[in-house]
Amino acid sequence: MTDNAGNEQAIRKLKPGKLVIASHNTGKVREIQALLGPYGIEPVSAAALDLPEPEETGTTFVANAELKAMQAADLSGLPALADDSGLCVEALGGDPGIFSARWAGPDKDFGLAMRLVHEAVEAKGPDAGHDAHFVCALALAWPDGHVEVFEGRVDGALVWPPRGDKGFGYDPIFQPIGHDISFGEMDPDAKHAMSHRADAFAKLVAAAF
């Protein structure tokens, strides 16, 4: 990490204790809590602290993760970890991307979101291809405004119809490379070992613990 003058700065270490998970998405909070389990961290969700959900005005996953983490840290007085992640479909120019949750509408209907993605790809014609990847940006912020960011990715392809009832979000239509089942069919421990969130989290752990 570098400061504004371009000088190298040491990664700040995360000490055992309470850490706010700056998300109101119960599936995402559950995954992050499972990943944090071995490190002496006491995760508490933004919803449990009655923290508001900020408007995601960033134009990248990193920008949105940073603003969510920094707001949660400022309001709670505790370190905060925020995730911004989404599905990027090559045939759609990277959409839904940072708007992945918005495609689910105000009711967070990911059945609708998955259908919209499928229909958008089908509209591109038979040669559109089904390559896709998930991206995750994790931002770890402190109340003094310090923030660290870690990014992860997993590549795969879209499948239709949706398969499996595990995971959350777009998991039932995403099949990672090297596997013949979707994230929605995969055991949570197996997904945690190789997902975009796990990739970003492994980088966080290597730096912050």
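Start counting at 1 in the sequence shown, then tack on 43, and there's your number in this note's numbering.
Yeah, the Cβ is synthetic: ideal placement off N, Cα and C, and Gly gets one too.
Between residue 227 and residue 246, the beta carbon gap of about 25 Å keeps them out of contact (Cβ cut-off 8 Å).
Secondary structure note for residue 74: its alpha helix (DSSP H) is the uninterrupted segment 69-79.
A straight-line Cα-Cα distance of about 24 Å links residue 71 and residue 55.
In the displayed model, residue 158 falls within a helix according to three-state DSSP.
The beta carbons of residue 180 and residue 190 sit about 11 Å from each other, so the pair does not count as a contact at 8 Å.
Distance between residue 176 and residue 251, taken at the CA atoms: about 26 Å.
Taking a contact to require three or more Cβ pairs closer than 8 Å, the region 107-118 and the region 155-167 do not qualify as touching. The three-state reading of DSSP puts residue 64 in strand, counting E and B together. Under the DSSP assignment, residue 86 falls in the beta strand (DSSP E) whose first and last residues are 84-88.
For the 7 Å CB-CB criterion, residue 157 and residue 205 form a contact. Residue 225 and residue 194 have their C-alpha atoms roughly 22 Å apart.
Here residue 249 has no same chain residue with a Cβ atom under 8 Å from its own Cβ, once five neighbours each way along the sequence are excluded. Taking 8 Å as the upper bound for CB-CB distance, residue 104 and residue 141 are in contact here, some 6 Å apart. Cβ atoms of residue 215 and residue 199 stay farther apart than 8 Å, at about 12 Å.
For residue 128, no alpha helix (DSSP H) run applies; the uninterrupted beta strand (DSSP E) run containing it begins and ends at 123-132, by DSSP. Annotation: the continuous beta strand (DSSP E) that includes residue 191 extends over 190-201. Rounded to the nearest whole angstrom, the C-alpha separation of residue 183 and residue 122 is 7 Å.
Counting along the chain, the unbroken beta strand (DSSP E) around residue 181 starts and ends at 174-184. The shortest CA-to-CA distance from residue 73 to any of 101, 159, 91 is the one to 91.
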